[in-house]
Amino acid sequence: MKKSILSIAITAAVFSSAVSATAQVKVLDKTHEPAGNFLAYTEFELSGEPLAESLGLDLDVLDPNVADDPTPFDFAAGIESYEYSEEAMYALNYQSTMGPHLVNGPVNRARGGKMSDLGKRVIEMAAAVGFPASEIPQNMYPISIPYVSGSPEFAQKPDITTVNGDEVEITTAKGNSKTVQTVVPAYFRDYKSLAWNEASFDKSFSPAATGGILLKEVMWAQDFLGGMHVTTTDEEVEAESAKMDLDGKHSLGVSAADGFNGMMLTEISIDKLLIMQQQLGFDGKKLGVAFGPDYDPAKGPIWFAHKVAVTEGSDNGVNSIASLSVTDGSSTLRDTWSALWPVSEFFAFSDQRTANSAQNPAFLAVFDGAPFAASPAVNTDSNDKNDVVADDAFSLANNISNLLFKNIAALHYNKEKGTLVTEYKDGKQGNKVDTYDAAYSLVALSIYQRAKDALPVGYASADSGNVDLKTDAGKQALAMIKGQADFIINQLVDKDGLVFDGLTLGKANTHSKDKSLDAQFAAIRGLVAAYLATDDVKYKQAARSIYLAVDKNMFDKGINTWATVPGKATIHTPYTEAAISGGLREAILHLKNEEGENEPALELTALTDRYVSWFRTVINGGMQMAEWMGDSGENQVKGSQSTDTDEDGVPQIIAAGGKFGTAMTMANKASVE
């Protein structure tokens, strides 16, 4: 969907109709943690426009100001899920100040390190996509790499000075229709007053937090830069060649506004990859250990430590990294898969290998030297053995994904048992298996395999593609996928068809007592990924069986969605929402009834109804704490005191709690009953 110039900063979502009358969503913790938040928002993105379009929706018919049209599902997916996923990314990356500023990162330091150097770069990127520099939001605070957590409550009152906007016709979630005169608050175009409460920040880095926002960045960057547009009309066109942006008629990006965000997100992503490569390699003794494409963990493992404290400096009048120190040196499986997935996506996005004849010309145009550096020839030829360390996008992704994949295999994969374990610490593998992490590792490994073999990723990660390089690394990933998927089926499924949350490996494997919503939907998500990767139907059938068990045993009619124990409160976190969104999407796409199958719970209409009821009850019911304005359907209306003009239950940021309001992010923990 095209983004308007006014909504370049962030867009939001509305949801139609009221939530279940008996559902209560009580936010217990507002803390923003990028790791879980952006895993959830990535699943929301994939469960947004791509899902709705795959089921036949013409996206052009969607109107964010007309709720439930053409159907509640289309609106939930095509508007709400999709737009929530975008707005939170900008809240963290452009507004929060929860991390070191891009001006002090390694990319800008190489240019001179001044604010003027970054300013020139931003103008250069805007020109590459035909976006007027005058339309760039003022006082953006782009961060290189996020801290692990912080409160999304504002540190000061947002500037609500308004100017007149458009007159629009709206139909709210409660079915009320009217014509309104909108107004645009100053904070919409000037982010100076939207900084978060710095006193709440845990000024540390973690691979999962870094990977969470990197995943969000690269997914949107691929969307925004996946085509080109006619510069004078902003009309989207397919890229016919990597030189098309040099013809004087076309610019990079599917539109000028989207293209600009794609540029910014790519710049930010490269900066955090450089920080990972240059400063965060850890060998158990010191940080900043160098590693290259020839990395071999058997000669001494190097990984990304679970938690690294940041001593903050101030350069150019904004935050910088003064020094780093490890506070938890373990390698965790969650950190590893959380980083492997996005770095693999970035590998595919920036792939310039000569063997990949199917690469999107629009992507090649982005990384042909301008506006982003091309990769050296030794890293793009057919010989992996001569790859070198470099600081361009593809070389960074190639080097870091190689390290992450070798570590998930060497540090976390128990070959004897055929499963991944949660921790590597003090030179030893642990013996704990977590179903959620094992299942999402299947997703990460499948994306890594597809990227290495030049198969489509991003929105097209279920497509066959025109090229399959069948690399050795891809084959190793597939073998690990089969082993882990088999372990889930054979060791983690209980007699009632639900999966345990995990087990402890030993002479007699000891299962956890819990069977959470998180684990069920993560297992569905992971097993479908295994099915798509291997084409082995047993994984599809296992995923179907788990979904049927969930619908039978865990659907709570009283709240019209699932509960760990129907009739009792269930704790939801962003990881819960990620798994439900991802698992339910895979059920809609790949597990629904086909010819000759008649499971009522797997009828397409039943699945989409479940999607709507979950999203309406839990997400709009309280997990999504605030929404922006613009493409979401939320408006500030002249003469109205309402801060929920679309009547979907999600307030504007200025009315979302806290002394001055709360950014458009997801709650860290809520009780649903």
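Basically my numbering = 1-based index in the sequence shown + 341.
Cβ atoms here follow ideal geometry from the backbone N, Cα and C, with glycine treated the same way.
Could you tell me if G710 is buried or exposed, where buried requires 16 or more neighbouring beta carbons within 10 angstroms of its beta carbon?
For the purposes of this step, residue 710 is taken as residue 369 along the sequence shown, with counting starting at 1. With fewer than 16 Cβ atoms within 10 Å of its Cβ, G710 is classed as exposed.
Exposed or buried, P526, counting other C-beta atoms within 10 Å across all chains shown (16 or more means buried)?
To locate residue 526, count along the sequence shown from 1; it is residue 185. Per the 10 Å Cβ criterion, buried.
Would you mind sorting P375 into buried or exposed? The rule is 16 or more other CB atoms within 10 Å of its CB.
Mapped onto the sequence shown, residue 375 falls at position 34. P375 comes out buried.
Looking only at DSSP bridge pairs, what is Y765 linked to?
Position 424 of the sequence shown, counted from the start, is the residue given in the question as residue 765. Answer by DSSP bridge pairing, in chain order: S672, Q770.
In whole angstroms, what is the alpha-carbon distance linking R450 and S457?
Taking the sequence shown and counting its residues from 1, the one referred to as residue 450 is at position 109. Taking the sequence shown and counting its residues from 1, the one referred to as residue 457 is at position 116. About 12 Å.
Using DSSP bridges, identify the partner residues of A650.
Within the sequence shown, numbered from 1, the residue matching residue 650 stands at position 309. DSSP lists S545, S666 as partners of A650.
From the DSSP output, read off the bridge partner residues of P526.
Walking along the sequence shown from the start, residue 526 turns up at place 185. According to DSSP, P526 bridges with T503.
Would you check if there are 3 or more beta carbon pairs closer than 8 Å linking the stretch 441–449 to the stretch 655–668?
Yes, they touch.
Check whether the Cβ atoms of Y888 and L833 sit closer than 8 Å, and answer yes or no.
For this step, residue 888 is matched to residue 547 along the sequence shown. For this step, residue 833 is matched to residue 492 along the sequence shown. No, the pair does not count as a contact, with Cβ atoms beyond the cut-off.
Would you check if there are 3 or more beta carbon pairs closer than 8 Å linking the stretch 542–560 to the stretch 646–653?
Counting Cβ pairs under 8 Å, three or more are found: they touch.
Does DSSP put I900 in a helix, in a strand, or in coil?
Within the sequence shown, numbered from 1, the residue matching residue 900 stands at position 559. It is coil, neither helix nor strand.
Could you check the C-alpha separation between T372 and M1007 for me, to the nearest Å?
Against the sequence shown, residue 372 aligns to sequence position 31. Against the sequence shown, residue 1007 aligns to sequence position 666. Straight-line Cα distance between these residues: approximately 9 Å.
Take A997 and list the residues in its own chain whose beta-carbon comes closer than 6 Å to its own, dropping the five residues that flank it on each side.
Here residue 997 corresponds to residue number 656 of the sequence shown, with the count starting at 1. Excluding residues within five positions, the ones whose Cβ falls inside 6 Å are M966, A967, T1003.
Whose C-beta lies closer than 6 Å to the C-beta of K522 among residues of the same chain, with five residues either side of it excluded?
Walking along the sequence shown from the start, residue 522 turns up at place 181. For the sequence presented, residue 522 should be read as Gln rather than Lys. Closer than 6 Å at Cβ, skipping near neighbours: E508, K979.
Could you tell me if G924 is buried or exposed, where buried requires 16 or more neighbouring beta carbons within 10 angstroms of its beta carbon?
Taking the first residue of the sequence shown as position 1, residue 924 is located at position 583. G924 should be labelled buried.
How should A362 be labelled, buried or exposed, when 16 other C-beta atoms within 10 angstroms of its C-beta is the threshold for buried?
Reading the sequence shown from its first residue, position 21 is the one you call residue 362. The predicted model places A362 with a pLDDT of 49, which falls under 50 and marks its position as unreliable; any figure quoted below should be read in that light. Flag for A362 reads exposed.
For W903, which residues of its own chain have a beta-carbon under 6 Å away from its beta-carbon, when the five flanking residues on both sides are left out?
By one-based count along the sequence shown, residue 903 stands at place 562. L858, M895, F896, listed in sequence order.
Using only the alpha-carbon positions, how far apart do A751 and E390 sit?
As a first step, residue 751 is located in the sequence shown; it is residue number 410 there, counting from the start. As a first step, residue 390 is located in the sequence shown; it is residue number 49 there, counting from the start. A751 and E390: Cα-Cα distance of roughly 38 Å.
With a threshold of 7 Å on Cβ separation, who are the neighbours of S475 within its own chain once the five nearest residues in sequence on each side are excluded?
For the purposes of this step, residue 475 is taken as the residue at position 134 of the sequence shown. Correct list: empty, nothing qualifies.
How long is the line joining the alpha carbons of N480 and T438, rounded to whole angstroms?
As a working note, residue 480 is residue 139 in the sequence shown. As a working note, residue 438 is residue 97 in the sequence shown. Those two C-alpha atoms are separated by around 11 Å.
By a C-beta neighbour count over all protein chains shown, 10 Å radius and 16 as the cutoff for buried, is P473 buried or exposed?
Counting from 1 along the sequence shown, the entry for residue 473 is found at position 132. Classification of P473: exposed, given that the 10 Å Cβ count is below 16.
Find out if the Cβ-Cβ distance for the pair L593, A706 is shorter than 8 Å.
Walking along the sequence shown from the start, residue 593 turns up at place 252. Walking along the sequence shown from the start, residue 706 turns up at place 365. Yes, the Cβ-Cβ distance between L593 and A706 is below 8 Å.
With distances taken between CB atoms, is the gap from A818 to L786 smaller than 8 Å?
By 1-based counting over the sequence shown, the position of residue 818 is 477. By 1-based counting over the sequence shown, the position of residue 786 is 445. The answer is yes: Cβ separation under 8 Å.
Going by alpha carbons, who is nearest to P487 out of V463, G552, G460?
Your numbering for residue 487 matches position 146 in the sequence shown. The option with the nearest alpha carbon to P487 is G552.
If distances are taken between C-alpha atoms only, which option among A884, I788, R951 comes closest to M560?
Within the sequence shown, the letter at position 219 stands for residue 560. Ranking A884, I788, R951 by Cα distance to M560 puts I788 first.
Just to confirm my understanding: we take A393, look at its own chain, exclude 5 residues before and 5 after, and list those with CB closer than 6 Å. What are they?
Walking along the sequence shown from the start, residue 393 turns up at place 52. Excluding sequence neighbours, A393 sits near D415, A418, G419.
For F495, which of helix, strand or coil comes out of DSSP?
The residue you call residue 495 lines up with position 154 of the sequence shown. In the structure shown, F495 sits in a strand (DSSP, three-state: E or B).
Do you know how far the Cα of A919 is from the Cα of F956?
If you number the sequence shown from 1, residue 956 lands on position 615. If you number the sequence shown from 1, residue 919 lands on position 578. Cα to Cα, the separation comes out at about 12 Å.
Can at least three beta-carbon pairs, one atom from the stretch 664–678 and one from the stretch 760–775, be found at a separation below 8 Å?
Output reads yes: the stretch 760–775 touches the stretch 664–678.
Please state the DSSP three-state secondary structure of S582.
Position 241 of the sequence shown holds residue 582. Looking at S582 - three-state DSSP - the assignment turns out to be coil, as it is neither helix nor strand.
Bridge partners for F623 per DSSP, in chain order?
If you number the sequence shown from 1, residue 623 lands on position 282. F623 is bridged to L628, W644.
For V368, which of helix, strand or coil comes out of DSSP?
Here residue 368 refers to the residue found at position 27 when the sequence shown is read from its first residue. Strand, per DSSP.
Could you give the distance in angstroms between the alpha-carbon of A432 and the alpha-carbon of A849?
By one-based count along the sequence shown, residue 432 stands at place 91. By one-based count along the sequence shown, residue 849 stands at place 508. Distance between the alpha carbons of A432 and A849 is about 48 Å.
Do L535 and Q436 have their C-beta atoms closer together than 8 Å?
Here residue 535 corresponds to residue number 194 of the sequence shown, with the count starting at 1. Here residue 436 corresponds to residue number 95 of the sequence shown, with the count starting at 1. Contact: yes.
If contacts are defined as beta-carbon pairs under 8 Å, then M554 and F385 qualify, I think. What distance do you get, rounded to the angstrom?
Numbered from 1 along the sequence shown, position 213 holds the residue referred to as residue 554. Numbered from 1 along the sequence shown, position 44 holds the residue referred to as residue 385. According to the sequence displayed, residue 554 carries Ile and not Met. Actually they do not touch by this definition, with Cβ atoms about 14 Å apart.
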